[in-house]
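Visitor: A single structure is presented below for examination.
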Amino acid sequence: MGDKITGEGLVKKAEVISAVRDYENGRIRRNESMVDFTVSPSDSDDKILIRVITGAKSKSGYVGMDTVRQMSEVLEKQNYDKGILIGKRFTAGAKSEMERENIEAVSERLGSHLKVERLYLAIEDRIENLCRAKCGHVPVKESECKGHVDGHYSCDVRVISDNASFHLERGWKGFLENDLARLLALEKALK
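Under this note's numbering, the sequence shown is numbered contiguously, ending at residue 784.
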């Protein structure tokens, strides 16, 4: 998703993680400095908080121990089973506090622990859903897709699908994350 991630880029990263891990979306709460996603794995009743720090608490952009402690209190008070904290960067103290509290950290440098293959499987699922929604069926053969005719693309889903295949061949995880984020945006636009 690029080297320098904006607040909105961090929110997209949370959506990508949620899609790849097959979390069902629950509540979303926003304020000026953070976005909270309450999600649940599709195969359990666990309640997970994905907190995205979108506004810098300091000019450096680092997330500190106070933010981690606040999240830890929310996890305990509201009976969350797991927490994921996403921010641009974390102080050393915040990292060790997250380890102690068993909160997963995701940042520009730490990445999201997503495997390329799992990312691509999530992309394929979204492509199939979007093909059904837009065209009424999923093409079995390349020639059945009307989104690419005579070397010209007329469908964003087909463009992203072809790009994702290329990115998978190269093992380009960041580009695959972008592909999935674009598909998720297309899904939102269709709803």
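Don't be surprised by glycine CBs; every beta carbon is placed ideally from N, CA and C.
Of the choices GLU617, GLN671, GLY676, whose alpha-carbon is the least far from that of GLU690?
Guide: Cα-wise, what sits closest to GLU690 is GLY676.
Visitor: To the nearest angstrom, how far is the alpha carbon of LEU761 from that of GLY654?
Guide: Straight-line Cα distance between these residues: approximately 32 Å.
Visitor: Thinking C-beta only, is ILE753 closer than 7 Å to LEU790?
Guide: The structure shown does not extend to residue 790, since the chain spans only 594 to 784, so no value can be given for it.
Visitor: Can the beta-carbon of THR684 be found less than 7 Å from the beta-carbon of GLY648?
Guide: No, these two residues do not count as a Cβ contact at 7 Å.
Visitor: Rank LYS766, SER637, ASN722, SER626 by C-alpha distance to the C-alpha of TYR713 and give the top, closest one.
Guide: Comparing Cα-Cα distances from TYR713 to each of LYS766, SER637, ASN722, SER626, the minimum goes to LYS766.
Visitor: Please return the same chain residues whose Cβ sits closer than 8 Å to the Cβ of SER651, not counting the five positions on each side in sequence.
Guide: Residue placement at SER651 is flagged as unreliable, the pLDDT there being 49, under the threshold of 50; a coordinate-derived value is accordingly withheld.
Visitor: Strictly by DSSP, which residues pair up with GLU697?
Guide: Note: GLU697 sits in a beta bridge opposite ILE677.
Visitor: Grab the span of the beta strand (DSSP E) containing ASP642 for me, first residue to last.
Guide: Reading off the sequence shown, one finds Leu at residue 642, where the question assumed Asp. Where LEU642 is concerned, the enclosing beta strand (DSSP E) stretches over 641-646.
Visitor: From what residue to what residue does the alpha helix (DSSP H) around GLY729 run?
Guide: Neither: GLY729 is in no alpha helix (DSSP H) and is coded neither H nor E.
Visitor: Taking only the alpha-carbon atoms, compute the straight-line gap between ARG623 and LYS781 and give it to the nearest angstrom.
Guide: Answer to the nearest angstrom: the Cα atoms are 17 Å apart.
Visitor: Reducing DSSP to helix, strand and coil, say where ASP749 ends up.
Guide: Residue state, collapsed to three classes: helix.
Visitor: Please name the residue in VAL604, SER633, LYS606 whose C-alpha comes closest to that of ASP615.
Guide: The residue with the shortest Cα to Cα distance from ASP615 is SER633.
Visitor: Taking all protein chains shown into account, do 16 or more other C-beta atoms lie within 10 angstroms of the C-beta of SER665, making it buried, or fewer, making it exposed?
Guide: Classification for SER665: buried.
Visitor: ARG623 by DSSP, collapsed to three states: which one?
Guide: Note: ARG623 maps to strand in three-state DSSP.
Visitor: Could you give the DSSP three-state label for SER611: helix, strand or coil?
Guide: In this structure, SER611 counts as helix in the three-state DSSP scheme.
Visitor: Would you mind giving the Cβ-Cβ distance between VAL645 and ILE679, rounded to the nearest angstrom? I have them listed as a contact below 8 Å.
Guide: Going by Cβ atoms, the distance from VAL645 to ILE679 rounds to 5 Å, so yes, they are a contact pair.
Visitor: Quick check on this structure: which residue in ASP638, LEU642, ASN722 has the alpha carbon closest to the alpha carbon of GLU697?
Guide: Ranking ASP638, LEU642, ASN722 by Cα distance to GLU697 puts LEU642 first.
Visitor: Using the C-alpha atoms, what's the distance from SER736 back to LYS688?
Guide: Between LYS688 and SER736, the C-alpha separation is close to 50 Å.
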